Each structure stands twice: as structure tokens, then as C-alpha cells.
Amino acid sequence: MTEEDGIAELVEFAQSYSSSAVAIKQALVSLDENQDGDSVTRVALLLTEPHGDTWEVDDIIEMRQALRRRATELSLPPVTLTLVAESERDAIDAFAQ
Amino acid sequence: MPEYPIEPDKLLDAADILCPAQVGRGRPPYTAHRRAVSTAYYAAFHALTERAVGVAFRHGDAALRQRVRRWVAHADVATVCRWVSGLQGTASPGVPAHIRTLLVPPHGPSHIDAGAAVVADGFLELYEKRMEADYDHEAVFTRGDTRATIGLARRVVSLVGAAASNEAEVFFGLIAMQAQVRSR
Chain W
10 MTEEDGIAEL VEFAQSYSSS AVAIKQALVS LDENQDGDSV TRVALLLTEP HGDTWEVDDI
70 IEMRQALRRR ATELSLPPVT LTLVAESERD AIDAFAQ
Chain S
169 MPEYPIEPDK LLDAADILCP AQVGRGRPPY TAHRRAVSTA YYAAFHALTE RAVGVAFRHG
229 DAALRQRVRR WVAHADVATV CRWVSGLQGT ASPGVPAHIR TLLVPPHGPS HIDAGAAVVA
289 DGFLELYEKR MEADYDHEAV FTRGDTRATI GLARRVVSLV GAAASNEAEV FFGLIAMQAQ
349 VRSR
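Heads up: the protein sequence lines correspond to chains W and S, in order.
Those letters in the first sequence? Residues 10 to 106, per my numbering, in order.
Those letters in the second sequence? Residues 169 to 352, per my numbering, in order.
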């Protein structure tokens with residue numbers, strides 16, 4: 010499997026992820042290098058608006074672990090998330106550039 | 169003599185001030201969001217160094233522990249967290265064989281519990297976010313994401329402070345073992 014295939018599969022996995030509390034409307038995935046020179050998989054997620062100031066910690070932990078596990082299965086580097094609420098959706102366009 | 173220790177809970181409060189739960193309308197203060205994320209990371213980092221040094225110097229006084237905490241490097245914590253996450257399947261499985269055998273013996277109980285797994289994954293996320301916040305000019309810090317990062321740091325600090333299992337002691341002990349004696 011190529012990196013491109015892995016990225017495509019991770020996008021598909023993210024966009025089909027569902028829980029009772031969080032729905033992913035859009036996912037963008039890219040490979041990058043962090044400040045230490047290690048490879049990372051950057052994942053930006055457009056999520057439904059949270060009820061309060063942000064989403065529940067446990068829901069995000071569960072979602073992050075699911076994405077990290079899937080990325081590992083796809084031989085992609087560790088995942089780091091950027092969460093974007095629908096009210097801030099301009100930010101997802103910045104991530105896509 | 170006055171003391172000015174680094175306190176994880178106070179760092180989290182500072183992160184809350186930089187990115188409060190309640191705000192009015194207007195353009196988000198992105199620079200403040202970056203500082204909030206970095207500050208939240210440091211809360212988690214210092215909570216972990218406190219426990220790691222507490223395991224290694226159980227009867228050391230406060231002054232000794234504070235001095236020794238400076239020896240624990242960010243990469244020391246990250247390395248141990250990568251081992252734990254790798255063994256849980258949530259990070260690349262490049263775990264050295266001797267560490268794998270140590271933490272997940274083939275004929276014995278695992279030395280990783282659910283709390284350590286959440287702390288390890290959480291720390292690694294915060295570690296990456298802190299690098300983005302401090303160095304990556306292209307990184308985006310939305311309000312929701314920044315609040316979520318502070319929430320994650322608060323959860324990690326809480327779990328680290330409350331951890332009392334044998335597995336937690338192994339986790340903190342390994343971080344201490346990764347650290348090196350330094351001149352500082």
C-alpha cells in the first residue's frame with residue numbers, strides 16, 4: 010500500500026467515524042515532519058458544533074485513539090489532530106492550502 | 169523565603185485565561201491560542217516530571233526533587249509514551265524488543281493499564297501541539313481545538329496526579345530512568 014492509499018483510507022475511516030456525541034463532517038489528512046524531524050500524520054477534522062465551548066474530553070480521546078490505531082494499521086506516522094467547529098470552518102480551508 | 173514553584177494546576181488556569189470558555193464575538197486571538205496550547209502542554213509535562221522524580225526519590229525533600237525535575241527532558245517523557253502507545257497499537261510499533269518484553273511479558277500480566285495508555289496518548293498529542301504552537305507558522309488553532317487541548321491537558325494532569333497503581337509506578341519509573349544526571 011502506498012502512502013497515498015493509506016491517506017485515502019484514513020480519510021475514509023475518519024469520515025465514516027461516528028459516535029453518539031461527535032460527527033465528522035470533513036477530514037483532511039497530510040503527512041508532515043515535526044520540529045524534531047519525526048514524521049507525523051496531520052488530520053484536520055470539521056466537526057459538528059459542540060454544545061458548550063468545546064467537545065467532551067472523553068469523546069475526543071476515544072476518537073483520537075481510533076484514528077491513531079487506524080493510522081498505525083495503515084503504516085502511517087502518528088496522528089495529530091486539529092479540530093474545527095462548523096462555526097470556524099474558514100480554518101479548515103487554511104489547513105487545506 | 170518566597171517560593172515560586174511551577175504548578176500544573178496554575179498553568180492550566182493560565183491557559184484558561186488565554187483562551188477562556190466564554191468569549192464575545194470577533195476575530196479569535198490566535199496568538200493567545202498558541203500560548204494557551206503551549207502552556208497546557210507544560211502543565212502536563214511538569215505533572216509527569218513531578219511523579220517521575222517522586223518515584224525515583226521517594227524520600228527526597230522538596231528542594232531536592234525540584235532540582236532533579238530539571239533533569240527530565242521532554243524527549244525522555246515522549247520516548248516512554250511512544251513505547252506505551254506503540255504497545256497499545258495507537259502509535260508506530262517500533263518498540264524495542266526488551267521494552268516490549270518488560271512491559272508486556274509473554275507469560276505474565278501487562279504492566280500497562282488504561283490510565284497510562286490515556287496519559288501516553290494524551291501527552292504525545294500535547295507534545296505535537298506544543299511544537300506546532302511554538303514553531304509552526306502554518307498551524308491553525310481554532311477556539312474549539314484550543315479549548316479541547318486545554319481539556320486534554322487537564323485530564324492528563326488529573327490522571328497523573330491520581331495514579332496509584334503498580335502500572336503507574338512502572339510508567340513514571342521508566343520516565344525517571346530515561347532522564348540523565350545533568351549539571352543544571
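All C-beta atoms in this analysis are idealised placements derived from N, C-alpha and C, irrespective of residue type, glycine included.
Source: prediction; values computed, not measured.
Can you grab the Cα-Cα spacing for the pair G61(W) / P196(S), in whole Å? Here residue 61(W) is taken as the residue at index 52 of the first sequence, counted from 1. Here residue 196(S) is taken as the residue at index 28 of the second sequence, counted from 1. About 16 Å.
Presumed contact (8 Å Cβ cut-off) between Q44(W) and M299(S), rounded CB distance: For the purposes of this step, residue 44(W) is identified with residue 35 of the first sequence, where counting begins at 1. For the purposes of this step, residue 299(S) is identified with residue 131 of the second sequence, where counting begins at 1. At roughly 4 Å, the Cβ-Cβ gap stays under 8 Å, so Q44(W) and M299(S) are in contact.
Roughly how many angstroms separate the alpha carbons of K178(S) and D99(W), rounded to a whole number? Counted from its first residue, the second sequence places residue 178(S) at position 10. Counted from its first residue, the first sequence places residue 99(W) at position 90. One C-alpha to the other measures close to 32 Å.
Is the region 232-240 of chain S touching the region 319-338 of chain S, taking contact as three or more C-beta pairs under 8 Å? no
Exposed or buried, which one is T199(S) when buried takes at least 16 other CB atoms within 10 Å? Counted from its first residue, the second sequence places residue 199(S) at position 31. When all chains shown are included, T199(S) counts as exposed.
Identify, in the order they occur along the chain, each residue of the same chain with its Cβ nearer than 7 Å to the Cβ of I343(S), setting aside the five sequence neighbours on each side. Translated into positions along the second sequence, residue 343(S) becomes position 175. Cβ neighbours of I343(S) beyond the five flanking positions: L216, A220, V240, D244, V245 and V248.
Starting from S25(W), follow the alpha helix (DSSP H) in both directions and report where the run begins and ends. Counted from its first residue, the first sequence places residue 25(W) at position 16. Counting along the chain, the alpha helix (DSSP H) containing S25(W) begins and ends at E12 to S25.
Please decide whether T81(W) counts as near chain S, where near means a Cβ-Cβ distance under 8 Å. Residue 81(W) sits at position 72 when you count from the first residue of the first sequence. Chain S, which has a Cβ nearer than 8 Å to the Cβ of T81(W), makes this yes.
Would you check if the distance between the CB atom of I16(W) and the CB atom of L55(W) is smaller than 8 Å? Start at 1 with the first residue of the first sequence, and residue 16(W) comes out as number 7. Start at 1 with the first residue of the first sequence, and residue 55(W) comes out as number 46. It is not a contact, given that the beta carbons lie outside the stated cut-off.
At least one CB of chain S closer than 8 Å to the CB of F22(W): is that the case? As a first step, residue 22(W) is located in the first sequence; it is residue number 13 there, counting from the start. With 8 Å as the cut-off, F22(W) does not count as an interface residue toward chain S.
Taking only beta-carbon atoms, is V245(S) less than 8 Å away from chain W? Taking the first residue of the second sequence as 1, we reach residue 245(S) at position 77. Not closer than 8 Å to any Cβ of chain W, the Cβ of V245(S) fails to qualify, so no.
Just to confirm my understanding: we take F104(W), look at its own chain, exclude 5 residues before and 5 after, and list those with CB closer than 7 Å. What are they? Taking the first residue of the first sequence as position 1, residue 104(W) is located at position 95. Once the five neighbours on either side are set aside, the close Cβ partners of F104(W) are L37, A53 and T91.
Report the neighbours of E293(S) on chain W: residues whose CB is nearer than 8 Å to its CB, in chain order. By one-based count along the second sequence, residue 293(S) stands at place 125. Per Cβ cutoff of 8 Å: R73, T89 and L90.
If contact is defined by three or more beta carbon pairs under 8 Å, each pair taking one atom from either stretch, is the region 202-215 of chain S in contact with the region 172-190 of chain S? yes
Would you mind giving the Cβ-Cβ distance between L327(S) and V66(W), rounded to the nearest angstrom? I have them listed as a contact below 8 Å. Sequence index remark: in the second sequence, residue 327(S) carries index 159 (1-based). Sequence index remark: in the first sequence, residue 66(W) carries index 57 (1-based). No, L327(S) and V66(W) are not in contact; Cβ-Cβ is about 11 Å, not under 8 Å.
Are there 16 or more other CB atoms within 10 angstroms of the CB of P261(S), so buried, or fewer, so exposed? Position 93 of the second sequence, counted from the start, is the residue given in the question as residue 261(S). Label assigned to P261(S): exposed.
Entirely within the region 210-295 of chain S and at least 4 residues each: give me those alpha helix (DSSP H) ranges in chain order. 230-237, 242-256 and 265-271
If you draw a straight line from the alpha carbon of P87(W) to that of V324(S), how long is it in whole angstroms? Numbered from 1 along the first sequence, position 78 holds the residue referred to as residue 87(W). Numbered from 1 along the second sequence, position 156 holds the residue referred to as residue 324(S). Going by the C-alpha atoms only, they are around 19 Å apart.
At least one CB of chain S closer than 8 Å to the CB of E97(W): is that the case? Against the first sequence, residue 97(W) aligns to sequence position 88. Judged by the 8 Å Cβ criterion, E97(W) is in contact with chain S.
Do the CB positions of L271(S) and H279(S) come within less than 8 Å of each other? Working through the second sequence from its first residue, we reach residue 271(S) at position 103. Working through the second sequence from its first residue, we reach residue 279(S) at position 111. It is a contact, given that the beta carbons lie within the stated cut-off.
Near Y210(S), which residues of its chain fall below 7 Å by C-beta distance, leaving aside the five closest residues on each side in sequence? Taking the second sequence and counting its residues from 1, the one referred to as residue 210(S) is at position 42. Hits under 7 Å: L179.
Per-residue burial, S27(W) [other beta carbons within 10 Å of its own, 16 or more giving buried]: In the first sequence, residue 27(W) corresponds to position 18, counting from 1. By the neighbour-count rule (16 or more Cβ atoms within 10 Å), S27(W) is not buried but exposed.
Tell me whether I185(S) sits in a helix, a strand or coil according to DSSP, three-state version. Locating residue 185(S) in the second sequence gives position 17, counting from the first residue. Of the three classes helix, strand and coil, the one that applies to I185(S) here is helix, per DSSP.
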